[in-house]
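Numbering (our numbering), first residue to last: 242 to 409. Every residue, glycine too, gets a C-beta built ideally from N, C-alpha and C. Predicted model only: the values in this text are computed from it and were never measured. Shown next, in structure tokens, is the structure this report addresses.
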């Protein structure tokens, strides 16, 4: 039972962190000014590639979507299995079946429940990884855009006062 609580708590914390990061990115995009000179997609990609961080994707959007669909079905199956196991314990408490019969019937449900929980954990990891990689990519693009804007402004100001760069 402690494993389920830990996994649930970890999933909740992960969802909250993802939501916070998405809100921050959204707010940052809403509050920033429109750049005077917009970078062409090819320029932005070349700037993006020159950054010291390497952003790679390991989960395709189709895989994440499939994992979300599987999660929906697996959650339903988990609920059904939980109800079945609970009903077996109720039947035993009511005296309808013996303890041995309850355990024999419940063992199949319990083993399937473990398999479903493992599948849920895997699919949740796939979805979370996809979302985090997307946020990582968005953050790097945002950084690249802002850095490009800053560099343009610096060059503009240097040209206004006719100053060259100084090596330190």
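query = Between 392, 394, 366 and 247, which lies nearest to residue 304 when the distance is taken from Cα to Cα?
reply = 366
inquiry  = Under 8 Å: do the region 393-406 and the region 329-349 share three or more Cβ pairs, one atom per stretch?
reply    = no
request  = Return yes when at least one heavy atom of the ligand FAD lies under 6 Å from the C-beta of residue 378, else no.
outcome  = Among the components of this structure there are no ligands whatsoever, and the ligand FAD is therefore not found.
message = Three Cβ pairs or more, each shorter than 8 Å: is that satisfied between the region 325-333 and the region 345-353?
response = yes
task = Measure from the alpha carbon of residue 382 to the alpha carbon of each residue in 258, 272 and 296, then state which is nearest.
result = 296
ask   = Quick check: the region 376-390 against the region 330-337, are there 3 or more CB pairs under 8 Å?
value = no
message = What would DSSP say about residue 363, mapped onto helix, strand or coil?
response = helix
task = Just tell me which of 258, 268 and 322 has its CA closest to the CA of residue 358.
result = 322
request  = Let me know the secondary structure DSSP gives residue 390 once reduced to three states.
outcome  = helix
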